[in-house]
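Report on the structure given below.
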């Protein structure tokens, strides 16, 4: 899941950089910009979900949890 998130995030970012760099931010937003933004935000969302899930699993297996209670 981490690799997919990074690939989607980097792919969306590269599409935005290449396309907008080519057009020099001229003209209305096209389909490629929307696709790039969607991929970029999807990658960020996947990474965020992964971090939250990892933190939850780490707190679930905390050996000091019983001592604190």
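Residue numbers (my numbering): 63 to 131. Backbone N, C-alpha and C define an ideal beta-carbon position, used for all residues, glycine too.
Check, Outcome
"If you measure between the beta carbons of residue 101 and residue 77, is that distance less than 9 Å?", "yes"
"Measuring straight from C-alpha to C-alpha, what distance separates residue 70 and residue 113?", "16 Å"
"Looking only at C-alpha atoms, which of 75, 110, 109 sits nearest to residue 94?", "75"
"By DSSP, does residue 92 sit in helix, in strand, or in coil?", "coil"
"Roughly how many angstroms separate the alpha carbons of residue 125 and residue 96, rounded to a whole number?", "46 Å"
"Assign residue 120 to one of two classes, buried (16 or more other C-beta atoms within 10 Å of its C-beta) or exposed (fewer than that).", "exposed"
"Where does residue 67 land, buried or exposed, given buried means 16+ other C-beta within 10 angstroms?", "buried"
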